[in-house]
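Q:
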Amino acid sequence: LTGTADANRYPFHLFMFEVPVGTVTGLYVHWEGYGYCDVSSQPGGADLFMWKNASQSWSKETFYGQTGNPTDRLLEMTEGDVADGYVDPMGRVYVLVVGRPSERDTGPNPGTVTGELRTDFIYVNVTLQGQRIDPEGLSLAVQPMGTFWEIDGAFTGKTTLSSGSRLVQALQSAVDAATVLPSNLTVPIEVGLEDVSPSTVRLSNLSVVYTPVVNLAPTWSSLPPQTMFEDVDAEGLLDLDDYTDDDWSNTSLVYTVVDSSTDAIEAVVEADHFLSFYVRQDHWNGRAIFKVNATDPWGLNATSPTIVIDVIEVNDPPQVVNPGVLVGTQGVPFYYQVEALDVDGDAINFSIDTEAIPIDPVNGEFDFTPTNEQVGLHRVTVTVTDTRGAETQVWMELTIGNVNDPPVIDGPDQLSGMQGEYLSHTFEVEDPDMIHGDQLTWSLEGDITVLLELELHPVRGELVWRSPENDAVGSHNFTVRVTDGSGESDQLAFVIVIENANDPPRITPIEDLIVFEERVVLHTLHASDPDMDVDPEERLAWTVEPPMFQVADDGTFTFAATKDQIGQHNVTVTVTDR
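In the numbering used here, each residue carries its 1-based index in the sequence shown increased by 396.
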């Protein structure tokens with residue numbers, strides 16, 4: 397129900413009751429509560445309306461009014477023969493209670509004061525077919541003891557409980573079962589009805605005398621020193637409930653860390669009563685001191701004795717910065733220092749798993765000029781070890797780039813051979829880059845008179861002269877050249893000396909001679925010797941068998957046959973070199 401925005405806004409409560417369906421000859425409505433608006437000129441009061449089904453309207457049946465502060469009031473309505481006019485065909489009864497409206501307060505604190513309406517309880521009894529209907533199966537219980545009083549059948553009167561009744565016992569049991577806390581204790585009193593008929597149960601003149609709690613502050617026992625290891629958290633190290641006592645229950649204590657000697661270790665209360673310690677500064681060790689407050693539910697607290705935590709040193713391996721991938725160049729000085737630190741202050745030593753590259757064992761420096769033998773990829777492990785044996789290994793990759801080195805032919809400057817014999821020689825060459833896959837190419841130039849008779853393998857550098865002829869006897873000048881894959885080369889001038897091999901002379905065929913007695917014949921024999929062209933000292937000597945005449949060195953002879961030589965003679969002429 398509303399009026400203007402600032403005033404005449406009515407509070408109301410609307411109730412619906414279900415009663416047995418039938419001819420209702422009596423209806424009794426009972427409401428207790430109060431309505432008021434806290435303005436000095438506004439009287440307290442409330443109006444009770446009933447819904448009439450025949451006229452479909454609200455009918456004001458009764459009211460109360462009183463000036464002053466809120467006071468409990470009751471409204472009652474009793475109807476006889478017309479009672480069924482308030483019950484609809486579904487057995488429903490509607491009750492409307494309207495309180496005092498809001499008012500403007502013109503006093504020291506002007507403003508609009510809202511009207512209030514409070515219902516303590518309301519019930520309806522009906523008379524059906526000449527019989528009053530009341531609730532049945534009434535019981536009253538105080539938890540947790542269960543029902544302590546009950547009655548069978550309709551309850552229309554009252555009962556008085558003595559001081560020695562089970563109600564007192566039930567209340568005491570409920571108090572004993574509750575946790576002692578600095579707050580009000582609520583004991584539920586439950587009323588149970590087996591019947592839904594309207595009824596009223598009133599609990600009157602109930603008072604409870606109690607003894608208030610006398611609270612003392614918690615107490616602490618001494619805590620033994622505790623240990624934890626450097627860099628390792630200690631969760632749940634202490635159960636604080638084991639070292640406290642309270643006059644009611646130490647499990648209700650609240651713990652708070654109130655003092656700490658260092659920020660390196662943090663003390664934290666977890667799961668209400670476990671004290672854990674967490675590392676907040678790496679590699680810290682030493683003694684940490686803490687204190688904790690224990691506060692009971694009433695707010696009294698006590699500070700613990702000193703809690704000593706000894707953090708035991710743990711040897712830490714050296715900390716090393718991973719060098720990663722490094723690059724150097726052959727012939728160019730290379731420098732790199734491995735960065736390492738031992739947080740414990742221990743001396744450290746450096747080592748490497750290869751002898752191909754050097755490292756300073758004291759300061760971890762790589763300081764060298766890469767050679768051709770060090771060209772290539774080196775995947776190595778650097779180990780840094782402290783004096784107590786803790787070590788850290790890091791992987792490193794160092795690539796030394798190659799700088800091309802020209803090939804160098806290692807002599808000789810003269811080769812010797814023999815006429816008609818197989819001559820072979822493989823030139824030796826030094827090229828440091830061959831171990832890195834450098835390819836060499838050979839070529840030859842020189843004395844064109846015999847050059848075509850020589851073979852030079854373009855890859856192996858092998859020179860072959862299969863069978864020097866007689867005209868090759870003597871010295872021949874050549875130049876051999878080797879070239880690497882980058883185009884750099886070396887050449888060698890050398891001489892091949894072919895020594896002469898003696899060749900037998902050959903006589904030109906001689907025709908038969910016919911001579912006459914005592915007539916002088918002059919004849920020349922012809923012979924060839926290849927060595928005559930290459931050996932100035934080569935000479936030919938002639939012999940005749942039988943010795944019928946003598947042949948000069950130049951192959952000429954004279955012959956005058958005598959009488960006793962007449963006839964045919966077979967003569968063998970031999971030519972010999974020397």
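For every residue, glycine included, the Cβ atom is placed at its ideal position computed from N, Cα and C.
Cβ of I748 within 8 angstroms of Cβ of L794?
A: No, the pair does not count as a contact, with Cβ atoms beyond the cut-off.
Q: Beta-carbon within less than 8 angstroms of T467's beta-carbon, same chain only, minus the 5 sequence neighbours each way: which residues are those?
A: Bear in mind that a pLDDT of 47 at T467, under 50, signals an unreliable position, so the model cannot answer this.
Q: Among D692, T652, K687, which one has its Cα closest to the Cα of D642?
A: If we check each option's Cα against that of D642, D692 comes out closest.
Q: For the segment 404-438, which segments carrying the beta strand (DSSP E) assignment without a break, of at least 3 residues, lie completely within its bounds, in sequence order?
A: You should have 408-414, 420-432.
Q: Taking A566 as part of the beta strand (DSSP E), name the residues at either end of that continuous run.
A: From DSSP, A566 is part of no beta strand (DSSP E) but of the alpha helix (DSSP H) over 562-573.
Q: How about P756 and V739: are their beta carbons less than 8 angstroms apart?
A: As written in the sequence, residue 756 is Asp, which differs from the Pro given in the question. No.
Q: Tell me which residues share the same chain as A897 and place their Cβ nearer than 7 angstroms to its Cβ, disregarding the 5 neighbours each side in the sequence.
A: Around A897: M814, Q815, G816.
Q: Note down, in chain order, each residue of its chain lying with its Cβ closer than 8 angstroms to the Cβ of G507, except the 5 sequence neighbours on either side.
A: Counting only Cβ-Cβ distances below 8 angstroms, and skipping sequence neighbours, we find R500, D501.
Q: Take P942 as the anchor and find which of H965, F953, T952, T954 has the nearest alpha-carbon.
A: When only C-alpha atoms are compared, the closest one is H965.
Q: Tell me whether M792 sits in a helix, a strand or coil according to DSSP, three-state version.
A: Here M792 sits in strand by DSSP.
Q: Find the nearest neighbour of D973 within the set M486, F955, A442, T939, judged by alpha-carbon distance.
A: The option with the nearest alpha carbon to D973 is T939.
Q: Less than 8 angstroms separating the beta-carbons of L936 and P901?
A: Yes. Within cutoff.
Q: When you compare the CB positions of W838 and V876, do they come within less than 8 angstroms of one another, or not?
A: Yes. Within cutoff.
Q: With DSSP run on the structure shown, which of helix, strand or coil describes T845?
A: If DSSP states are grouped into helix, strand and coil, T845 belongs with the helices.
Q: Pull up the CB-CB distance for V721 and F746, whole angstroms please, since I reckon it's below 8 angstroms.
A: Not confirmed; about 19 angstroms, so no contact.
Q: Just to confirm the assignment: which complete alpha helix (DSSP H) runs, minimum length 4, are found wholly within the segment 717-762?
A: The segment 717-762 contains no whole alpha helix (DSSP H) run of 4 or more residues.
Q: For K959, which residues in the same chain have their Cβ closer than 7 angstroms to its Cβ, ignoring the five residues on either side in sequence?
A: Cβ neighbours of K959 beyond the five flanking positions: E913.
Q: Between which two residues does the beta strand (DSSP E) holding D929 run?
A: From DSSP, D929 is part of no beta strand (DSSP E) but of the alpha helix (DSSP H) over 927-930.
Q: Using 8 angstroms as the Cβ pair cut-off and three pairs as the minimum, do the segment 617-625 and the segment 696-704 touch?
A: The segment 617-625 is in contact with the segment 696-704.
Q: What runs of the beta strand (DSSP E), each 3 residues or longer, lie entirely inside the segment 599-639?
A: Segments of the beta strand (DSSP E) lying fully in the segment 599-639: 622-625, 630-635.
Q: For the candidate residues L410, D834, L492, whose alpha-carbon lies nearest to that of L444?
A: Nearest C-alpha to L444: L492.
Q: Within the continuous beta strand (DSSP E) that includes G813, where are the two ends?
A: Start and end: 810-814.
Q: Tell me Q715's beta-bridge partners as DSSP assigns them.
A: Q715 is bridged to L737.
Q: Suppose only complete runs of 4+ residues qualify. What are the alpha helix (DSSP H) ranges in the segment 881-922, listed by chain order?
A: Qualifying alpha helix (DSSP H) stretches: none in this window.
Q: Assuming A923 contacts V971 under a Cβ cut-off of 8 angstroms, what Cβ separation, rounded to an integer in Å, is found between them?
A: Contact holds; Cβ gap of about 4 angstroms.
Q: Does H853 pass the burial test, meaning 16 or more other C-beta atoms within 10 Å, or should it be called exposed?
A: Exposed, because fewer than 16 other Cβ atoms sit within 10 Å of the Cβ of H853.
Q: Looking at the secondary structure, which residues open and close the beta strand (DSSP E) in which L524 lies?
A: 512-524 is the extent of the beta strand (DSSP E) around L524.
Q: Taking the C-alpha atoms as reference points, what is the distance between G741 and Y651?
A: About 39 angstroms.
Q: Within its chain, find whatever has a CB closer than 7 angstroms to the CB of G682; leave out the 5 residues flanking it on each side and keep chain order.
A: These residues qualify, in order along the chain: V707.
Q: Thinking just about the alpha-carbon of each residue, which of G461, D434, G422, L410 is nearest to the one in M446?
A: Of G461, D434, G422, L410, the residue nearest in Cα terms is L410.
Q: Can you tell me which of A450, A736, G695 puts its alpha carbon nearest to the alpha carbon of V716?
A: Checked all of A450, A736, G695; the closest Cα to V716 is A736.
Q: Apart from the five residues just before and just after M944, which ones in its own chain have a Cβ nearer than 8 angstroms to its Cβ?
A: Within the same chain, M944 has close Cβ partners F955, Q961, H965, V967.
Q: Is Q527 helix, strand or coil when you go by DSSP?
A: DSSP places Q527 in strand when its eight states are reduced to three.
Q: Does DSSP put E586 in a helix, in a strand, or in coil?
A: E586: strand per DSSP, three-state reduction.
Q: Between which two residues does the beta strand (DSSP E) holding H965 run?
A: Counting along the chain, H965 falls outside any beta strand (DSSP E), and DSSP gives it neither H nor E.
Q: What separation, rounded to the nearest whole angstrom, lies between the Cα atoms of G632 and A613?
A: Cα-Cα distance, rounded: 25 angstroms.
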